[in-house]
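Quick note: the sequence shown uses the numbering used here, first residue 2, plus one each step. Heads up, the beta-carbon is just placed ideally off N, CA and C, and yes, glycines get one too.
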Amino acid sequence: MNNKIDELIKAMEQLLPHKRYVHTLGVAYLAASIAMAYKKNYEKAMVAGLLHDCAKCLPEKEILKQCMERGITVSAAEKKQPFLLHGRLGAWYAQHKYSVKDEKILNAIRFHTTGRPDMSFVEKSIYLADYIEIGRVQKTEPDLDTIRKMAFENIDLAVYYAAKNTVSYLAEKEKRNPEAKMDGTAILTLEYYRQLCGIEAE
């Protein structure tokens with residue numbers, strides 16, 4: 002697996018713009034650190050982190066085109082906002098271009114922006130690492146320092162608060178621009194982890 006990780010680091014350095022590459026390394030190492038804190042498989046987290054944005058930098062029209070060509074399901078909202086599809090296209094690349102077969106790793110890439118109910122550990126580690134990575138700033142991500150600490154102490158509660166902030170942000174964005182429809186999976190993620198953590202609905 003270590004050879005695979007080395008190969009992916011080199012591949013992402015060549016593929017991604019420098020700023021996106023730095024973010025990708027940050028997510029990969031942070032996800033691996035979270036995994037180590039819980040005595041989980043850090044190598045799976047590392048691979049998922051390195052590949053989570055491998056389709057992010059394609060032009061939106063190209064993302065949509067490739068998804069359609071590869072039979073990836075596209076909703077009406079995603080046709081209007083193709084950037085939402087980069088996780089699913091990234092999972093396709095991970096499987097077919099980078100030879101990743103582990104379904105948990107593929108799902109971590111596929112759902113890293115929205116999360117989903119009942120995520121595996123590696124999915125949660127990538128969802129959180131992408132949210133709390135060092136390049137994120139408190140000004141744009143509420144409660145960031147709190148969630149960073151929580152990620153190493155109670156991962157499900159950290160997922161809940163990250164999902165809550167994400168849904169609030171997307172709801173405000175949709176108010177300003179009705180075309181920017183929120184992905185329903187983000188809401189399902191929030192509700193699942195709210196109930197799992199025993200938090201009363203607001």
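Query: Taking only three categories from DSSP, how would you classify D54?; Result: coil
Query: Give the single residue among E175, N178, P179 and A164 whose Cα lies nearest to the Cα of C198.; Result: A164
Query: Straight-line CA distance for L17 to D146?; Result: 28 Å
Query: Tell me the start and end of each unbroken alpha helix (DSSP H) in the region 16–51 that is at least 4 residues and wholly inside, in chain order.; Result: 19–38
Query: Is DSSP giving E201 helix, strand or coil here?; Result: coil
Query: Buried or exposed for K11, please, with buried defined as at least 16 other CB atoms from any protein chain shown within 10 angstroms of its CB.; Result: exposed
Query: Whole alpha helix (DSSP H) runs in the region 118–187 with 4 or more residues, listed along the chain?; Result: 122–133, 145–152 and 156–177
Query: My understanding is that T25 touches D54, with C-beta atoms under 8 Å, so please give their C-beta distance in whole angstroms.; Result: 6 Å
Query: Quick one, which of D119, M13 and G72 has its alpha-carbon nearest A56's?; Result: M13
Query: Just to confirm the assignment, what range does the alpha helix (DSSP H) spanning K81 have?; Result: A77 to K81
Query: Does the distance from the C-beta atom of H87 to that of I106 stay below 9 Å?; Result: no
Query: Counting pairs of Cβ atoms below 8 Å between the region 40–54 and the region 66–79, do you hit three or more?; Result: no
Query: Since S121 and A32 are thought to touch, with beta carbons under 8 Å apart, how far apart are those beta carbons, to the nearest angstrom?; Result: The Cβ separation is near 12 Å, so there is no contact.
Query: Identify, in the order they occur along the chain, each residue of the same chain with its Cβ nearer than 8 Å to the Cβ of R137, setting aside the five sequence neighbours on each side.; Result: L145
Query: Can you check which of these residues, L9, A202 and L189, is closest to K98 by C-alpha distance?; Result: L9
Query: Can you look up D7 in the DSSP assignment and give me helix, strand or coil?; Result: helix
Query: Considering just the uninterrupted stretch of the alpha helix (DSSP H) at L85, what are its terminal residues?; Result: It is not in any alpha helix (DSSP H) - L85 carries neither H nor E in the DSSP assignment.
Query: Taking the beta carbon of R89 as the centre, do at least 16 other beta carbons fall within 10 Å, making it buried, or is it exposed?; Result: buried
Query: Is the shortest distance between the beta-carbon of V48 and the beta-carbons of chain C less than 9 Å?; Result: In summary, chain C is missing from the structure at hand, where a single protein chain is found.
Query: Can you check which of these residues, Q82, Q15, K20 and K62, is closest to A181 by C-alpha distance?; Result: Q82
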